[in-house]
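Trainee:
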Amino acid sequence: VTTQGAEIAQMQGWLASWYGVTKIPALSARDADMLRVLASRTGAAFEIAWMEEMIPHYRMAIMMAKHLLPVATHPE
Numbered sequence: 041v042t043t044q045g046a047e048i049a050q051m052q053g054w055l056a057s058w059y060g061v062t063k064i065p066a067l068s069a070r071d072a073d074m075l076r077v078l079a080s081r082t083g084a085a086f087e088i089a090w091m092e093e094m095i096p097h098y099r100m101a102i103m104m105a106k107h108l109l110p111v112a113t114h115p116e
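In this note's numbering, the protein residues as written are 41 to 116.
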């Protein structure tokens, strides 16, 4: 939580300083559904559901980064 909070703050800072854009993350309907599912589980069932959600989330982030790095204007 601490690390990702810092990463979000860093990216918000880049948006503001580079482009004058302010972005506050909002919870999507899909994210809200996922949180409801996770809230209904405990123990191993919770951890399995969490990892089943996070693996594709991070996979998509890596895939997006690979496609977008060649066109990025800031090395960060």
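Virtual Cβ for every residue (Gly too), placed ideally from N, Cα, C.
Fair warning: this is a prediction, and the values are worked out from it, not measured in the lab.
#1: Pick from H114, P110, M104, Y98: whose alpha carbon is nearest that of Q44?
#2: Would you call the CB atoms of L75 and F86 closer than 8 Å?
#3: Do you know offhand how far G83's Cα is from S57's?
Mentor: In terms of the structure at hand:
#1: Here the question's residue 44 lines up with position 4 in the sequence shown. That would be Y98, whose Cα lies nearest to the Cα of Q44.
#2: Counting from one through the sequence shown, the residue named residue 75 turns up at place 35. Counting from one through the sequence shown, the residue named residue 86 turns up at place 46. F86 sits away from L75, with the two beta carbons spaced by 8 Å or more.
#3: The residue given as residue 83 occupies position 43 in the sequence shown. The residue given as residue 57 occupies position 17 in the sequence shown. Distance between the alpha carbons of G83 and S57 is about 42 Å.
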